[in-house]
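All you need for our numbering is the position in the sequence shown, starting with 1, plus 7.
C-beta atoms are modelled at their ideal positions from N, C-alpha and C, and glycine is treated no differently.
Please read all numbers here as calculations on a predicted model, not as lab measurements.
Everything on this sheet refers to the single structure shown next.
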Amino acid sequence: MTPIENAARAMHAQTAPEWSWDDPDAELLRRLYRANARAALLSLRDPTDSMCEAGGDHVAQADRITVDAIWTVMMDAALVQDV
Numbered sequence: 008m009t010p011i012e013n014a015a016r017a018m019h020a021q022t023a024p025e026w027s028w029d030d031p032d033a034e035l036l037r038r039l040y041r042a043n044a045r046a047a048l049l050s051l052r053d054p055t056d057s058m059c060e061a062g063g064d065h066v067a068q069a070d071r072i073t074v075d076a077i078w079t080v081m082m083d084a085a086l087v088q089d090v
């Protein structure tokens, strides 16, 4: 599953609408969720200072930590900012 599809399904699950994601008549709504998910991911493309700091804390450990782990801590920092 792509990140956009994953985010769209998460948005759908969070709002708990009256329709099922798998409803064959709901393609227009699925497209809307995918468009919103894409917009959300695009908005996270440029990291904030706190995201860079969170990722930068692990750069010295690059031999022990993977890039995906660095991205995860950067995203965690972004999510904390919104609370």
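| Check | Outcome |
| --- | --- |
| Which of the three DSSP states, helix, strand or coil, is assigned to M81? | helix |
| Going by CA-CA distance only, name the one from T79, E34 and A17 that's closest to A61. | T79 |
| So, under 8 Å CB-CB, A15 and R41 are touching, yes? Tell me the CB distance rounded to an integer number of Å. | 5 Å |
| Check L35 in the structure and name its three-state DSSP category. | helix |
| Compare the beta carbon distance of P54 and M18 with 8 Å and say whether it is the shorter of the two. | no |
| Within the continuous alpha helix (DSSP H) that includes S57, where are the two ends? | D56 to G63 |
| Taking the continuous alpha helix (DSSP H) assigned at A17, which residues delimit it? | P10 to T22 |
| Excluding the 5 residues flanking D83 on each side, which residues of the same chain have their C-beta closer than 8 Å to its C-beta? | A61 |
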